[in-house]
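Trainee: Supplied in structure tokens, the structure appears directly below.
Residue numbers (the working numbering): 518 to 599.
Quick look at the structure:
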């Protein structure tokens, strides 16, 4: 396997984990007064929102946010093409 392809796949896998963390954070109430927790949450949201937000704008309003599933599906398809 090409080292560049391997690096891209690693990056995409980490990004999928960040999206899962984003979803879990939306379900769990956290004490954001703790500076470390706040920094971690801000990092995860700032890393994932630029990709999730445009997908949300394209989808009609629904009770469940399907944008993480769509992004993970697209990333998985990209990884299979590599």
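Glycine included, C-beta positions come from ideal geometry on N, C-alpha and C. The structure displayed is predicted, hence computed values, not measured ones.
Count the C-beta pairs between the region 533–553 and the region 575–595 that are closer than 8 angstroms, then say yes if the count reaches three, no if not.
Mentor: Because the criterion of three Cβ pairs below 8 angstroms is met, the region 533–553 and the region 575–595 touch.
Trainee: Mind checking residue 523: buried by the 16 CB within 10 Å criterion, or exposed?
Mentor: Taking the first residue of the chain shown as 1, we reach residue 523 at position 6. Exposed is the call here.
Trainee: So which of 529, 559, 553 has the shortest CA-CA distance to residue 543?
Mentor: Counted from its first residue, the chain shown places residue 543 at position 26. The shortest Cα separation from residue 543 among 529, 559, 553 belongs to 559.
Trainee: Roughly how many whole angstroms lie between the Cα atoms of residue 527 and residue 599?
Mentor: Along the chain shown, one-based indexing puts residue 527 at 10. Along the chain shown, one-based indexing puts residue 599 at 82. One C-alpha to the other measures close to 12 angstroms.
Trainee: How is the alpha helix (DSSP H) around residue 573 delimited, first residue to last?
Mentor: Taking the chain shown and counting its residues from 1, one reaches residue 573 at position 56. It spans 552–575 - the alpha helix (DSSP H) in which residue 573 sits, taken as one unbroken run.
Trainee: From residue 561 to residue 569, what distance separates their C-alpha atoms?
Mentor: For the purposes of this step, residue 561 is taken as residue 44 along the chain shown, with counting starting at 1. For the purposes of this step, residue 569 is taken as residue 52 along the chain shown, with counting starting at 1. Between residue 561 and residue 569, the C-alpha separation is close to 12 angstroms.
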